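K.L.:
Sharing a structure here in structure tokens format.
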Amino acid sequence: RVRHELIPLLERDFNPAIIRVLAEHAQIAQAEEEFWAFEANQVLLALCDSSGGALRVDALLKLPLALQRHVVRAAAERAGLTLDFEHIEAVRRLASAEIGRKSRHTGLPGGTAELARHDGVRELMLRSGGLNKAAQNDYEYRLPVPGSVQVPEIGGCIRARLLTVQATAQVTGQVTAQVTAQEGGKPRSRVIISPSFSIHGVWAPN
Numbered sequence: 120r121v122r123h124e125l126i127p128l129l130e131r132d133f134n135p136a137i138i139r140v141l142a143e144h145a146q147i148a149q150a151e152e153e154f155w156a157f158e159a160n161q162v163l164l165a166l167c168d169s170s171g172g173a174l175r176v177d178a179l180l181k182l183p184l185a186l187q188r189h190v191v192r193a194a195a196e197r198a199g200l201t202l203d204f205e206h207i208e209a210v211r212r213l214a215s216a217e218i219g220r221k222s223r224h225t226g227l228p229g230g231t232a233e234l235a236r237h238d239g240v241r242e243l244m245l246r247s248g249g250l251n252k253a254a255q256n257d258y259e260y261r262l263p264v265p266g267s268v269q270v271p272e273i274g275g276c277i278r279a280r281l282l283t284v285q286a287t288a289q290v291t292g293q294v295t296a297q298v299t300a301q302e303g304g305k306p307r308s309r310v311i312i313s314p315s316f317s318i319h320g321v322w323a324p325n
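According to the numbering used here, the stretch in the sequence shown is residues 120 to 325, in order.
Right, here's the structure in full:
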């Protein structure tokens, strides 16, 4: 319909030279894409660690935004992944996240992205295939109260709200706040999410 209806309409009612203009823009876009692909691969080689696998995150985040996106896409293609804009942005958010001793992961179509710290250097690894069971259970997210956090490992969003400020306590390995977990589009209230993403009954201070 674009070729047989929309373009003739534009040519007739808006711009008689629309076909030539579109062809010129297509040539410009192709040349720019070739440039960005070459540039991104050169930068990708410079950002890789000695093994050629992981990207040095601090150096990646110093790049201009457009180049960051192209480098992430190039790294994904090298790993056998095809990412759309949404997933490229998810990888960029992962790269910008805080990280402690444990690595962090983001699920991608056909693979995963992992943020880890090696010898004090933050590194980003993209790979095809899923995480092994140990890696799936090994994740950590900061949950603001009140607030929310996306948890790709459970395919949902966890929202928390403050119940009381009269007492505080610490429960190792669990979120000590009442939260609402939304999973599969259905909200679940009064739950606590642990790092192994099992769901426990609500805990609240007296």
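By construction, the Cβ of each residue, glycine as well, lies at the ideal position given by its N, Cα and C atoms.
Note that the structure is predicted; figures quoted are calculated from it, not measured.
What is the rounded straight-line gap between the Cα of Val268 and the Cα of Asn134?
P.N.:
Position 149 of the sequence shown, counted from the first residue, corresponds to residue 268. Position 15 of the sequence shown, counted from the first residue, corresponds to residue 134. Cα to Cα, the separation comes out at about 49 Å.
K.L.:
Checking 8 Å against the spacing of the C-beta atoms, do Pro263 and Leu281 come in under that value?
P.N.:
Working through the sequence shown from its first residue, we reach residue 263 at position 144. Working through the sequence shown from its first residue, we reach residue 281 at position 162. For Pro263 and Leu281, no; Cβs fall outside 8 Å.
K.L.:
Quick check on the burial criterion: 16 or more other C-beta atoms within 10 angstroms. Buried or exposed for Glu242?
P.N.:
Mapped onto the sequence shown, residue 242 falls at position 123. Counting Cβ neighbours within 10 Å, Glu242 comes out buried, since at least 16 surround it.
K.L.:
Helix, strand or coil for Arg212 per DSSP?
P.N.:
Indexing the sequence shown from 1 puts residue 212 at position 93. Arg212 falls in the helix class under three-state DSSP.
K.L.:
In whole angstroms, give me the CA-to-CA distance for Leu166 and Ala136.
P.N.:
Position 47 of the sequence shown, counting from 1, holds the residue named residue 166. Position 17 of the sequence shown, counting from 1, holds the residue named residue 136. Cα to Cα, Leu166 sits roughly 44 Å from Ala136.
K.L.:
Under 8 Å, with one C-beta from each stretch per pair, do the stretch 209 to 219 and the stretch 229 to 242 reach the 3-pair mark?
P.N.:
Flag = yes, the stretch 209 to 219 and the stretch 229 to 242 touch.
K.L.:
Looking at the secondary structure, which residues open and close the beta strand (DSSP E) in which Val240 lies?
P.N.:
Here residue 240 is taken as the residue at index 121 of the sequence shown, counted from 1. Where Val240 is concerned, the enclosing beta strand (DSSP E) stretches over 240 to 247.
K.L.:
Count the other CB atoms, across all protein chains shown, that sit within 10 Å of the CB of Gly199; report buried if there are 16 or more and exposed otherwise.
P.N.:
Residue numbering aside, residue 199 sits at position 80 when the sequence shown is read from its first letter. It is exposed - the Cβ of Gly199 has fewer than 16 other Cβ atoms within 10 Å.
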